[in-house]
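Q: Numbering (our numbering), first residue to last: 29 to 313.
Note that beta-carbon positions come from the ideal geometry of N, C-alpha and C, so glycine has one too.
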């Protein structure tokens, strides 16, 4: 009898551990019951930004009330759009807005790193202007940036006092790797080593990086710790190259800050569920 009891205890403990292990990387999704007057869906957006229009899309949450809203900031050039996050978070009551920066993927205007930051500021202004028709709770908005979008996220947070939270996935510190350039020619050679550029961005690659050469400190996130001191920030990476950025931010930080490195690739291909769960917990803390 004792042996049977011990076996049952061991099996119960094993089952409990299995449930915990599965729940750590599992998300349960259910079909939505549409609100009859304000059903969830998506709406194409054309967002004004400095006399240009940005192509965008809002994933509208279910219900007529205003909803918290997440902005997705894509990288360079923006092949990974993280729209799986948009679908899942919409099903849980968040609006999610995706847009293409000026001069990228068909949006009007000229592409530049600083224009991307201004575009985010303008998208937030658009959300405030149309908060009633788009059902946006402008008191509860957050930024999610991937790669270059992580750099954009941190820069935009500094210009958006009403937005407190930023989640930076494998942020690209644009200045990194150029510190030892001895001349403009040396700098240009380093730029060309990164590739010929992308036809979905309308600015030639050398021209795109000219402002970086002129003001390297501005493009280095290691200099932004003091300006981000009151923002809640998560940095999540697949490498350790941003550890100095994290150290600089942590040194000045008074709000919530978390930096982790996961065993994955640049798009977090094998960690999508864990990524969403971490982001969800962050947005709701």
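(1) Taking only three categories from DSSP, how would you classify residue 72?
(2) If you check the beta carbons only, do residue 71 and residue 162 fall under 9 angstroms apart?
(3) Alpha carbon to alpha carbon, how far is residue 157 from residue 190? Give it in angstroms, no decimals.
(4) Give the straight-line distance between the Cα atoms of residue 209 and residue 116, rounded to the nearest whole angstrom.
(5) Assuming residue 192 contacts residue 145 (C-beta within less than 8 angstroms), just tell me the rounded distance between them.
(6) If residue 180 and residue 148 are in contact, beta carbons under 8 angstroms, what's the gap, nearest whole angstrom?
(7) May I have a chain-ordered list of the beta strand (DSSP E) segments no shorter than 3 residues that lie completely inside the segment 166 to 200?
(8) Taking the alpha-carbon positions, what's the residue 310 to residue 213 distance?
(9) If distances are taken between C-alpha atoms only, which option among 53, 52, 67 comes closest to residue 59?
(10) From which residue to which residue does the alpha helix (DSSP H) around residue 241 run?
(11) Since residue 293 is in the alpha helix (DSSP H), which residue starts that stretch and which ends it?
(12) Starting from residue 309 and walking both ways along the alpha helix (DSSP H), at which residues does that stretch end?
(13) If you check the beta carbons only, do residue 176 and residue 98 fall under 9 angstroms apart?
(14) Got a sec? Which residues, its chain only, sit under 8 angstroms from residue 3 by beta carbon, not counting five neighbours each side?
(15) Roughly how far, in whole angstroms, is the beta-carbon of residue 231 from the beta-carbon of residue 131, given that I think they are within contact range, below 8 angstroms?
(16) In angstroms, rounded to a whole number, what distance separates the CA positions of residue 283 and residue 257?
A: By the coordinates alone:
(1) strand
(2) yes
(3) 14 angstroms
(4) 44 angstroms
(5) Residue 192 to residue 145, Cβ: 17 angstroms. No contact.
(6) 6 angstroms
(7) 193 to 197
(8) 44 angstroms
(9) 67
(10) 233 to 242
(11) Element bounds for residue 293: n/a, residue is neither H nor E.
(12) 300 to 311
(13) no
(14) What the structure shows of the chain is the stretch from 29 to 313, and residue 3 is not part of that stretch, so it cannot be assessed.
(15) 6 angstroms
(16) 6 angstroms
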